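Have a look at the structure below, then the notes.
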Amino acid sequence: MKTLCSALLLGILSNCALFTPTQTVTPTTSTNALTHEVITTYRTNTDYAVNPSVTTGLNTASQMAQQLPTPWGGIAAGALGLVSIGLGVIAKVKSDKAALVPALIAGVEAAANNADVKKSIQTVATAAGLEDRLKIHVRDLT
């Protein structure tokens, strides 16, 4: 039974992404006091949730676990509960980290004499292979 549950869970998780990102774009307007020019900036928030396919798969596995004889059914249900909790915690952490990116970019853009900081960030992003993604985020926020 342990092998069956493991195979089922592996099958569920291997056919889909564990998390689905949801982006919310919020416009903010401000008016320049001298020129009376209205400036609109957009803030993008990315929240992560457990993929509905994964949730459905875990629910199915939980129903199957109820059919297992005692004590294996309880053990399997407990393990699936721990997996669900773990996925929820990971989604929360991913959402929290994603919320930091717009704040960091806005802070760097607003700082005076930020050329050295921008160059350093670009160097690190290039070395990590993230330069294209960084450019997209900066373009979206500025």
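So the sequence shown is numbered by the working numbering: it starts at 3 and just counts up by one. The beta-carbon is built from N, C-alpha and C at its ideal position, and this holds for glycine as well. Since we're looking at a predicted model, the values are computed, not measured.
Sequence-distant residues of the same chain with beta carbon closer than 7 Å to residue i, five excluded per side
i	result
Asn34	Ile41
Val85	Leu60
Phe156	Missing from the structure shown is residue 156; the chain here goes from 3 to 144 and no further.
Ala108	Leu143
Collapsed DSSP secondary structure at residue i in the structure displayed
i	result
Gln25	strand
Thr48	strand
Thr58	helix
Thr151	Any question about residue 151 goes unanswered here, given that the chain covers just 3 to 144.
Thr37	coil
Thr128	helix
6 Å Cβ shell around residue i - same chain, five flanking residues per side excluded
i	result
Thr26	Asn47
Within 9 Å, strictly: CB atoms of residue i and residue j
i	j	result
Asp49	Thr24	yes
Ala93	Ala51	yes
Ala105	Leu82	no
Leu134	Tyr44	The residue asked about is misnamed: residue 134 is Asp in this sequence, not Leu. The answer is no: Cβ separation not under 9 Å.
Own chain, CB closer than 8 Å to residue i, minus 5 neighbours either side, in chain order
i	result
Ser97	Thr48, Asp49, Tyr50
Leu136	Ile123, Gln124, Ala127
Review point. Three or more C-beta pairs closer than 8 Å, one from the segment 42-61 and one from the segment 86-104: is that the case here?
Key: yes
Review point. Touching or not, the segment 59-77 and the segment 123-142, by the rule of three or more beta carbon pairs under 8 Å?
Key: no
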